[in-house]
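Here the structure is laid out as structure tokens; the discussion comes afterwards.
In structure tokens, the structure reads:
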């Protein structure tokens, strides 16, 4: 179980960091400290959310987990980011973006298997 | 008041009938994954023989796990209640206990304190070391020949209908029950007169079959807790009937079976290591963000 969990956590975090960094660049965020903040808040929220989801698998838990992640990230962006004008909107957008891409990749992998 | 008492009795009777019927229909393992994900599982309910290519079969704590917590030597027989497909593997769930001699065998429900109130409301505590549930690869087991196997093989020769069994036997005579015609052992006996006195109903055959030795058999679908059992109508009191030879292509059990996991909190079957690592990650990252972006120590772009 530990192997499976750690693999899931690692893959999920790596993909999330790539997606959210890409989204940030698309949104015109160029400041190094803002981009680093995007990475750090995801390191803060993503592993915890993925771990809880794996330990309590019911599908409905995804929504409160996503909302919690969006809220925490929005809080950090509004407090520390310098070049993110709308922290809440940005948090919602970046999380929807990475969640959707993750779901698509998951669907493709399951279909291939 | 009288109506309330009558309704209560009716409700109690309905409840007892329903719970009895449930117990007769499905046997379920006390497994967390099964309790949580029954929608993703397919019920099987057959006995299988362990048959790994290396002489043993690894057992995992959950279907997606890749690190075994237990190894079962080939040849053991386990009732597999259900299976699920994950990561390209078809994984079946077993429930086991360890005997005084150290042998791991199927466990119908000993050594466990469990409650079930729904997929998100249950608890399972195994009260004796060496008991539990696990998941194994269905490609590493062979289905033991049973009633359903017999039906698959000879079902086209069955005569279906309703045939009451009222043999011309003395009162109290016990007739033998069989899992299928030609089974190696009986499934107990049925005392016709005694059972009739309980409800006044004769057992009814739903299938008739004549075997290759000319013996006529009848299958009882359900009768006082006995399910899908056969009676040899031609010779009901003989417990030494010809046995149907079933050949299994089995790999011999290995002499070098890997040791099972000790079950420690940081072992393969436990999530605690992941929980600790994630908690540390969260704390360190939160401190790092506060340090890097705090008012006095803000980093420059």
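Protein chains in written order, with my numbering: chain A, 83 to 195; chain B, 3 to 303. We treat Cβ as the ideally placed atom computed from N, Cα and C, and that holds for glycine.
Of the listed residues the options, nearest to residue i (C-alpha basis)
i: residue 133 of chain A; options: A:181, A:95, A:186, A:185; result: A:95
i: residue 158 of chain B; options: B:164, B:150, B:165; result: B:150
i: residue 210 of chain B; options: B:134, B:143, B:123, B:182; result: B:182
i: residue 304 of chain B; options: B:115, B:213, B:113; result: Residue 304 of chain B cannot be examined here, being either before or after the span of chain B that is shown, 3 to 303.
i: residue 125 of chain B; options: B:251, B:32, B:236; result: B:32
i: residue 226 of chain B; options: B:175, B:239, B:191, B:260; result: B:191
i: residue 204 of chain B; options: B:93, B:34, B:283, B:170; result: B:170
i: residue 259 of chain B; options: B:29, B:116, B:119, B:59; result: B:59
i: residue 57 of chain B; options: B:261, B:252, B:290; result: B:252
i: residue 121 of chain B; options: B:38, B:241, B:222; result: B:38
i: residue 84 of chain B; options: B:71, B:65, B:101; result: B:65
i: residue 179 of chain B; options: B:146, B:235, B:140, B:112; result: B:235
i: residue 146 of chain B; options: B:250, B:116, B:221; result: B:250
i: residue 291 of chain B; options: A:87, A:115, A:128, A:148; result: A:115
i: residue 158 of chain A; options: A:124, A:103, A:100, A:188; result: A:124
Residue burial classification, residue i (beta-carbon count within 10 angstroms, cutoff 16)
i: residue 126 of chain A; result: buried
i: residue 67 of chain B; result: buried
i: residue 99 of chain B; result: buried
i: residue 122 of chain A; result: buried
i: residue 273 of chain B; result: buried
i: residue 50 of chain B; result: buried
i: residue 178 of chain A; result: exposed
i: residue 44 of chain B; result: exposed
Residue i versus residue j - alpha carbon distance
i: residue 161 of chain B; j: residue 218 of chain B; result: 11 angstroms
i: residue 176 of chain A; j: residue 90 of chain A; result: 20 angstroms
i: residue 173 of chain A; j: residue 48 of chain B; result: 51 angstroms
i: residue 14 of chain B; j: residue 208 of chain B; result: Reliability fails at residue 14 of chain B, whose pLDDT of 38 lies under 50, so the model's placement of it is uncertain and no value is given.
i: residue 97 of chain A; j: residue 106 of chain A; result: 14 angstroms
i: residue 185 of chain B; j: residue 151 of chain A; result: 60 angstroms
i: residue 142 of chain B; j: residue 77 of chain B; result: 11 angstroms
i: residue 285 of chain B; j: residue 279 of chain B; result: 10 angstroms
i: residue 69 of chain B; j: residue 62 of chain B; result: 7 angstroms
i: residue 184 of chain A; j: residue 171 of chain A; result: 20 angstroms
i: residue 177 of chain B; j: residue 240 of chain B; result: 8 angstroms
i: residue 168 of chain A; j: residue 160 of chain A; result: 8 angstroms
i: residue 113 of chain B; j: residue 129 of chain B; result: 5 angstroms
i: residue 147 of chain A; j: residue 164 of chain B; result: 57 angstroms
i: residue 163 of chain A; j: residue 92 of chain A; result: 26 angstroms
i: residue 100 of chain A; j: residue 135 of chain A; result: 21 angstroms
Coarse secondary structure for residue i, derived from DSSP in three states
i: residue 234 of chain B; result: strand
i: residue 242 of chain B; result: coil
i: residue 136 of chain B; result: strand
i: residue 129 of chain B; result: coil
i: residue 283 of chain B; result: helix
i: residue 115 of chain B; result: strand
i: residue 94 of chain A; result: helix
i: residue 68 of chain B; result: coil
i: residue 129 of chain A; result: helix
i: residue 167 of chain A; result: coil
i: residue 252 of chain B; result: coil
i: residue 228 of chain B; result: strand
Beta bridge counterpart(s) of residue i as assigned by DSSP
i: residue 74 of chain B; result: B:59
i: residue 191 of chain B; result: B:178
i: residue 210 of chain B; result: B:161, B:220
i: residue 172 of chain B; result: Partner(s): none; residue 172 of chain B has no beta bridge.
i: residue 80 of chain B; result: B:50
i: residue 87 of chain B; result: B:92
i: residue 106 of chain B; result: B:100
i: residue 145 of chain B; result: B:50
Near the ligand ADP: residue i beta-carbon under 7 angstroms from a heavy atom
i: residue 126 of chain A; result: Judged by which ligands are present, the structure shown has none, so any question about the ligand ADP falls away.
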